Amino acid sequence: MNYAPEHTGIAPYTTGTAEIAAGLGASVEVLAGIPHYPSWRVDPDYRWRLRSRESRNGVEVRRARHYVPRSPTALWRMPWDATYVLNAATMRPRRRPDIVIAVTPSPGGVVVGARWARAYRVPLGVVVQDLVGQAARQSGMSGGGRIAGAVTRVEAALLRRAARVAVISEGFRDQLEEYGIPGERVVSFPNWTHIQVTAVDRAQVRRELGWPDDAFVVLHTGNMGLKQDLGNVIEAARRVDAADRIHFVLLGDGNQRAQLEAAGRDVAALSFHPPVPDELYPKALRAADLLLVNELPSVGEMSLPSKLTSYFAAGQPVLAAVSAGGACARELTRSQGAGLRVDPADPEALLAAVRSLAGDAGRREAMGASAVAYTERALGRDVAARNVLGLVTALLADAGRGASPGRTPR
45 MNYAPEHTGI APYTTGTAEI AAGLGASVEV LAGIPHYPSW RVDPDYRWRL
95 RSRESRNGVE VRRARHYVPR SPTALWRMPW DATYVLNAAT MRPRRRPDIV
145 IAVTPSPGGV VVGARWARAY RVPLGVVVQD LVGQAARQSG MSGGGRIAGA
195 VTRVEAALLR RAARVAVISE GFRDQLEEYG IPGERVVSFP NWTHIQVTAV
245 DRAQVRRELG WPDDAFVVLH TGNMGLKQDL GNVIEAARRV DAADRIHFVL
295 LGDGNQRAQL EAAGRDVAAL SFHPPVPDEL YPKALRAADL LLVNELPSVG
345 EMSLPSKLTS YFAAGQPVLA AVSAGGACAR ELTRSQGAGL RVDPADPEAL
395 LAAVRSLAGD AGRREAMGAS AVAYTERALG RDVAARNVLG LVTALLADAG
445 RGASPGRTPR
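Note that our numbering has the sequence shown beginning at 45, numbered continuously upward.
Here is the structure:
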C-alpha cells in the first residue's frame, strides 16, 4: 500500500526493497496505493487518478486508488484496505512473475499478493512491518480492541499461505509461532537506514527551522497518531522551567496533530513543525541535541517505530519513552548504548531524563558514537542488500521446489 513519494513510516523500506532488488538485476513491478501518509490526505498529484503508472529508479510502479479516511480509526481502516483490494483485484502484472512479495501492515496488500501468487503458481513472501491484529489492540485507536481478534484470525490465515515470512523484529517470531507458521519459514529482515547524514551548520539549520539557537532541543519526528501518545511529551514540556533552557519540537504530521497543537498552544517550551523535505530531514536530526521516541504503554513487540534507523544514523543520542518489553526497547538494547529508555506515559520521568542528558555532554557523545557504530554494523544499505538477496534467493529456491501459497516448501 505505502510507497514513495511517501517518506515516513514503512514506505522508505518498501521502496528500498524494490529498488535494491532492481539494482541486483531483477525486473521489479510494484502495485501500490496512492500517496497519503502520514497526513491521511491524498497527495494532490494523485487526487484525480483511479489508476496510474510511473517509473521510479528502475522500478515500474502501478497504483490503485482507494478510500483514504480523514480519521484512521480501526473501523475506518477496513474500507481503506477493502477499496484497495477491490480496485487492485482486476489488475494484472505486466510480466509473469517468478515470485511475489507483499508487505504488511496492509492486509489488503497480502490479499492481492496472495491472489497473484496463486494465479501464477509462484511463491509468496510477506515482509511483516507490523503484526496488524496485535498492533490494533495496542494502538489506542477507537475500535481497535473490538476488531483485533477478527483481524488477528485473518492475518494468521494470510501469513500461513506464505512460503516465507520476513520479520523486521525478532520479537515477532513468538506471535508467528502462535499463528501456526513454522520457524524455518520465518527469516530476519531488519529495517535499515535510508538517509544520508553529513556534517551540518547547526546554527544555520536551527534558524531555517525556527528553533531557538541556545536551547537544548529534544526532537520527535514522524507520525502524530494515537500510538505515539504525544500528549505525554506536551505534559513534559509544560513542566519545563525557564532556567532549564529545554525546548521540545514535534516535527511531522498525522491525524492527531490538530488536537495536539490545541493542547500545547500555551506551552512555551514546545513547538510544532510540518514535515520537511527529504534533503532537510537528516539536517534537522543533526541540529537537535536529543532524538525522542514516545509510545503508548500498551505498544509492545508487534510494532517497531521506523524512525529509529534514521535516529541512529544521525549519530545523536536517543531517548525512548516506551514499554520495557517492547520492540523499541529491544532495539535500544541491540544498539549497545545508543539510547536510554524511560517508562511511557510518565512526563516527570521523561523530563528528568532530558534534564539528566542535557547536563551530561560526555554521555551524549558516547551515546552518539554508539549510534554510529550500530548503524555501520547493522543498519547499512549493504546489510539491507544482503537481506533482500537472501529473501529473493529463498523464494526462488522455493519456486524450484514447487512451493506455492498455502504449501510449505519441501
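A virtual CB, placed ideally from N, CA and C, is assigned to each residue, including glycine.
All of these numbers come straight from a predicted model, not from anything done at the bench.
> What are the partner residues of residue 108, as DSSP defines its beta bridges?
Replying inline: 95
> How about residue 266 and residue 327: are their beta carbons less than 8 Å apart?
Replying inline: no
>> Please report the straight-line C-alpha distance between residue 412 and residue 356, rounded to a whole angstrom.
In response: 8 Å
> residue 148 to residue 175, Cα distance in whole Å?
Replying inline: 8 Å
>> Going by DSSP in three states, residue 169 sits in which element: helix, strand or coil?
In response: strand
> Which residues does DSSP pair with residue 290 in a beta bridge?
Replying inline: 260
> CA-CA distance, residue 453 and residue 205?
Replying inline: Reliability fails at residue 453, whose pLDDT of 49 lies under 50, so the model's placement of it is uncertain and the value that follows must be treated cautiously. Cα to Cα, the separation comes out at about 11 Å.
> Thinking C-alpha only, which one of 237, 301, 368, 437 is nearest residue 272?
Replying inline: 301
> Residues in its own chain within less than 7 Å of residue 375 by CB, not counting five upstream and five downstream?
Replying inline: 348, 352
> Which of helix, strand or coil does DSSP assign to residue 70?
Replying inline: coil
>> Going by DSSP in three states, residue 394 sits in which element: helix, strand or coil?
In response: helix
> By a C-beta neighbour count over all protein chains shown, 10 Å radius and 16 as the cutoff for buried, is residue 124 buried or exposed?
Replying inline: buried
> For residue 443, which of 141, 77, 117 has the nearest alpha-carbon?
Replying inline: 141
> Going straight from the alpha carbon of residue 297 to that of residue 83, what length do you get?
Replying inline: 5 Å
> So residue 278 is in the alpha helix (DSSP H); what residue range does that whole segment cover?
Replying inline: 275–282
> Going by beta carbon distance, what residues of the same chain come within less than 8 Å of residue 224, once the five residues before and after it are set aside?
Replying inline: 200, 204
>> Out of 312, 293, 306, which one is the CA nearest neighbour of residue 338?
In response: 293
>> Let's see if you can read the secondary structure: which residues bound the alpha helix (DSSP H) around residue 437?
In response: 425–444
> Sorted by chain position, which residues of the same chain lie with C-beta nearer than 8 Å to residue 131's C-beta, five sequence neighbours on each side aside?
Replying inline: 94, 95, 108, 109, 110
> Is DSSP giving residue 142 helix, strand or coil here?
Replying inline: coil
> Among residues of its own chain, excluding the 5 on either side of residue 255, which ones have a beta-carbon nearer than 6 Å to its beta-carbon?
Replying inline: 261
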